[in-house]
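Residue numbers for the first sequence follow the numbering used here, beginning at 11 and rising by one.
Using N, Cα and C, we set each Cβ at its ideal position, and we do this for glycine too.
Worksheet for the structure shown next.
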Amino acid sequence: MNREYSPKDIEKKWQDIWDNEKAFQVRIDKSKPKYYALVEFPYPSGQGLHVGHPRPYTAMDIVSRKRRMQGYNVLFPMGWDAFGLPTENYAIQNKIHPKIVTKNNVARFKEQLKSLGYSFDWSKEINTTDENYYKWTQWIFLQLFKKGLAYKSEMPINFCTSCKVGLANEEVVNGVCERCGSEVIRKMQSQWMLKITEYADKLIDGLNEVDYIEKVKISQKNWIGRSEGAEVNFKLKDKDEILTVYTTRPDTLFGATYMVISPEHPLIEKYKADIANYDEVAGYREQASKKSDFERTELAKDKTGVCLKGISAINPVNNKEIPVWVSDYVLMSYGTGAIMAVPAHDTRDWDFAKKFGLPIIEVVAGGDVQNEAFTDVATGTLCNSDFLDGLEVSDAKAAITKWLEEKGIGHKKINFKLRDWVFSRQRYWGEPIPIVKCPCCGYVPLDESALPLRLPEVDSYMPTDTGESPLAAMRDWVETTCPKCGGKAERETDTMPQWAGSSWYFLRYIDPDNKDAFASKEAIDYWMPVDWYNGGMEHTTLHLLYSRFWHKFLYDQGLVSCSEPYKKRTSHGMILGLNPHSFVNQTAEEQKRLIAEYGSEKEARKALVEKYGEMAEHPIVKMSKSLGNVINPDDVVNDYGADTMRTYEMFIGAFDVSAAWSMEGVKGCRRFLDRVWKLQDMLVDGDTYRAEFETKMHQTIKKVSNDFEELKFNTAIAAMMALVNEFFKANSVTRAEYATLLLLLNPVAPHMTEELWKINFAGKGRVYQQKWPEFDEAKTIEANVEIAVQINGKVKATLVVGLDEEVESVKEKAHEIKAIADLMAGKTVVKEIYVKGRILNIVVK
RNA sequence: GCCGGUGUGGCGGAAUGGCAGACGCAGCAGACUCAAAAUCUGCCGGGGGCAACCUCGUGCCGGUUCAAGUCCGGCCACCGGCACCA
């Protein structure tokens with residue numbers, strides 16, 4: 011009898027052994043195929059590790075460990091995305107330097123991650139707030155600046171009227187300040203911008219060469235929002251002026267009954283004198299500018315606007331005079347800031363036309379345009395459109411575009427929803443932007459030798475009431491000399507957004523201590539691209555887009571050797587908690603009691619909603635302190651062990667779907683590991699698989715190997731559980747069988763399997779040094795199989811046949827079964843379908 | 001409104017168009033125990049039948065097929081994201 015399974019006694023021990031043996035440290039080794047596995051590095055928040063963190067980490071740890079056993083040189087690094095708001099806010103509240111807060115949080119996170127036994131190469135640890143790291147973030151910014159991809163622009167920021175502080179989007183909740191609940195307005199501020207729009211096409215096209223899960227590709231494409239249409243010039247009546255619009259529906263040009271320009275459109279000021287109701291228009295513009303983003307969206311359905319009296323336009327296709335309106339449903343930031351309105355075939359124009367009594371002219375037949383806009387482009391033919399009449403929409407688009415180009419009044423045009431990236435934050439805890447503003451030379455970049463531009467010590471991290479960064483108050487830091495002319499100049503006081511550090515971190519892991527470059531050419535050529543990158547769905551648009559943009563830029567500068575940073579991208583689901591207030595999460599007794607108390611389940615549910623609010627209807631919710639359903643990973647590791655934690659995180663459900671935590675489920679996984687431990691007491695000699703286990707062994711190796719590659723960890727573990735159950739039934743396991751089981755299980759439960767290996771297979775080294783088990787396809791197939799015999803598609807009997815048995819023999823045997831014979835009595839066989847090794851379906855009449 | 005996802009036992013969830021419910025949890029029964037826990041073994045979708053067995057069953061309605069959770073068409077509900085992008 012071997013000793014009890016006690017994770018506490020073995021887990022720390024193995025973690026130390028791996029550290030001492032430098033088991034997972036890698037260096038460039040051209041004799042082996044490389045494999046770069048990447049997980050999103052965490053933001054080290056004050057709350058410590060959440061049970062959601064280990065899900066992707068364990069998954070990629072499994073992949074990494076398996077790859078090593080398969081002979082790959084695996085890089086699996088970890089670091090800290092440590093600049094950010096929560097740290098800064100915590101620092102403000104507690105008057106502790108964010109550097110210290112970060113240091114403490116990182117220490118805690120690291121200890122927690124270490125306790126889970128991940129095979130990270132800690133020698134490559136990075137931290138975005140280290141000056142040796144952000145030196146290179148700043149360096150890349152300078153390259154962008156030098157190539158004209160970083161520029162300054164007036165942009166609105168969120169500004170809290172009470173705190174008098176600029177807010178990040180995530181600090182604005184339902185249009186009010188997250189902290190004080192006061193109104194948030196938009197305030198214009200000069201901001202650094204990155205010209206990501208220049209890479210819009212490349213970012214779409216690049217998706218064709220990478221292996222991302224489909225929904226990630228779709229969301230990237232949607233975010234970039236490429237649309238094809240045309241720009242059309244409208245003449246203003248009695249003026250030498252052209253108003254250009256962008257439209258995706260040039261085919262509906264004959265239905266344009268008015269035009270709309272954005273409140274910010276320069277036309278208003280230019281023709282101020284001609285606009286009879288200028289005061290009204292200016293008032294409307296004023297009102298629109300005050301509207302917060304929240305109001306703009308909330309009031310989306312209710313259209314507002316003012317007609318420009320004294321100004322009108324000419325529709326170029328029929329020379330009809332049409333009015334020009336101003337409305338905030340037209341955005342200055344998309345297209346030309348002006349539209350032609352076709353109320354019959356655009357929902358927004360239709361709403362506006364109905365409200366202001368503007369004419370609606372049908373130009374695509376097929377709908378009922380007086381009652382509803384007809385926007386279907388797949389059906390319908392053109393009407394009331396002169397030379398376009400009778401054409402399908404797509405043909406009409408081509409015809410009118412050609413016509414416009416011939417007449418010189420319009421041309422084909424592609425537009426993107428993607429906007430340039432607002433790269434400034436009026437905050438302290440971020441990378442300083444290495445730019446100096448000189449009264450003579452304008453914006454001047456620091457010399458590369460001046461990097462890193464360190465964050466200075468300040469007295470207060472609180473943003474200023476002008477909306478500027480706290481750095482602005484540091485006069486002796488701000489006041490500097492111009493690198494170009496040597497005259498007096500001021501430093502940029504904005505810092506970079508949190509996205510900056512994470513836009514290139516995978517490049518630093520491969521050569522983290524390099525002093526001369528962000529990474530050496532040799533390291534880049536060997537390790538890049540990332541072979542498999544897993545992360546959360548919440549980062550599939552922005553982070554992925556931003557980092558691909560930076561990488562493509564570096565590629566264009568010849569600084570990296572591949573145009574896409576990530577070969578493969580997958581996503582994991584969130585870990586949620588059970589809502590303790592929800593009816594369905596009550597125990598059976600409690601449910602009965604509630605039904606008795608309130609008369610019916612419906613009434614009981616209603617009562618719970620009254621008591622706990624709408625949330626009570628949702629059985630699965632985000633973990634929150636107020637609900638008391640937060641699970642602390644440390645507790646799970648303490649009570650059940652890291653291996654159980656890892657196993658459960660993988661067994662909880664399909665990897666890409668959200669799952670609710672269950673402590674009962676954790677216990678089940680611990681029981682499974684206990685059984686694996688106990689198997690050593692059933693160990694019998696045998697260097698091979700026993701005949702009766704051979705198929706099962708090969709099947710399990712195949713299943714586990716394939717499932718680990720496809721992120722189907724739950725079914726891989728289920729297969730191992732089933733195998734263990736078989737050994738228990740036999741009350742024995744051979745050494746060969748047990749060894750294979752331990753190797754298969756090692757990526758999931760590395761500590762326990764190393765310990766069992768050491769106890770039972772002494773002298774054979776570590777599990778992490780072993781080869782991954784192989785299977786023989788031929789041996790995964792059973793010689794004899796049980797098939798189902800159906801009559802008219804319904805299973806009536808089962809039958810054991812040889813896999814390669816002749817069809818006639820199978821049929822013969824089936825007809826001999828009494829139940830089948832009885833059912834067929836007096837019927838004629840229409841046909842019989844035999845699917846090899848699966849089913850025999852006899853169709854009778 | 002648009003995009004994406006999900007819907008299967010009491011619960012988490014399995015099922016290349018081929019025996020729905022693998023594996024786990026909870027539950028029930030038995031073994032062990034003075035007893036309980038732990039452990040081991042068995043049962044475990046609903047309805048009917050003493051039983052062999054019959055019958056219904058994968059959100060709803062229709063279709064394709066010898067055969068549909070799976071494919072096609074039309075809905076419904078919930079979740080996530082985007083949201084006046086012309």
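Which residues bound the beta strand (DSSP E) around residue i?
i	result
I195	V194 to L204
R579	K578 to H582
P455	G452 to P455
R558	Element bounds for R558: not the beta strand (DSSP E) but the alpha helix (DSSP H), L552 to D566.
E796	N794 to I801
T490	E489 to T491
N544	W542 to G546
I791	It is not in any beta strand (DSSP E) - I791 carries neither H nor E in the DSSP assignment.
Does the beta-carbon distance from residue i to residue j come in below 8 Å?
i	j	result
A383	E372	no
I419	V242	yes
L456	L463	yes
C170	S200	no
A101	T138	no
M203	S229	no
A408	G390	no
K427	G239	no
L689	K632	no
R685	A759	no
T385	T346	no
Using DSSP with H/G/I as helix, E/B as strand and the rest coil, what is residue i?
i	result
H825	helix
M165	strand
Y144	helix
V853	strand
R435	strand
M11	Confidence at M11 is low in this model, with a pLDDT of 46, below 50, so the placement of that residue is unreliable and no value is reported for it.
K447	strand
A510	coil
I27	helix
H60	coil
W360	helix
G696	coil
L253	strand
N394	coil
A533	helix
K525	coil
K105	coil
F244	strand
Y515	helix
Pull up the DSSP beta-bridge partners for residue i, would you.
i	result
E21	In the DSSP output, where bridge partners are listed per residue, E21 has none listed.
I424	E238
S125	According to DSSP, which records beta bridges pairwise, S125 is partnered with nothing at all.
I630	L588
M269	V334 and M350
D221	K578
V316	V336
Would you check whether the ligand PLP has a heavy atom nearer than 7 Å to the C-beta of residue i?
i	result
T97	Looking at this structure, you won't find the ligand PLP or any other ligand, since it has none at all.
Let's see if you can read the secondary structure: which residues bound the alpha helix (DSSP H) around residue i?
i	result
V647	P643 to Y650
G678	M673 to K688
E860	For the chain, the structure presents residues 11 to 855; residue 860 sits outside this window and is missing.
Are there three or more Cβ pairs, one per stretch, closer than 8 Å when the segment 454-474 is compared with the segment 38-56?
-> In short, these stretches do not touch, since the Cβ pair count stays below three.
Does the segment 250-261 touch the segment 578-586, meaning 3 or more C-beta pairs lie closer than 8 Å?
-> Not touching, per the Cβ criterion.
Are the segment 500-513 and the segment 433-448 in contact at 8 Å, needing three or more beta carbon pairs?
-> As far as the Cβ criterion goes, the segment 500-513 touches the segment 433-448, which means the pair count is three or higher.
Between the segment 816-825 and the segment 724-741, do at least 3 Cβ pairs fall closer than 8 Å?
-> No, the segment 816-825 is not in contact with the segment 724-741.
Counting Cβ pairs closer than 8 Å, one from the segment 107-127 and one from the segment 792-809, do we hit at least three?
-> Here the segment 107-127 does not lie against the segment 792-809, with fewer than 3 beta-carbon pairs under 8 Å apart.
Does the segment 78-95 come within contact of the segment 773-786, defined as at least 3 CB pairs closer than 8 Å?
-> Touching, yes, given that three or more Cβ pairs across the two stretches are closer than 8 Å.
Validate contact between the segment 535-546 and the segment 570-579 using beta carbons, cut 8 Å, 3 pairs = Because the criterion of three Cβ pairs below 8 Å is met, the segment 535-546 and the segment 570-579 touch.
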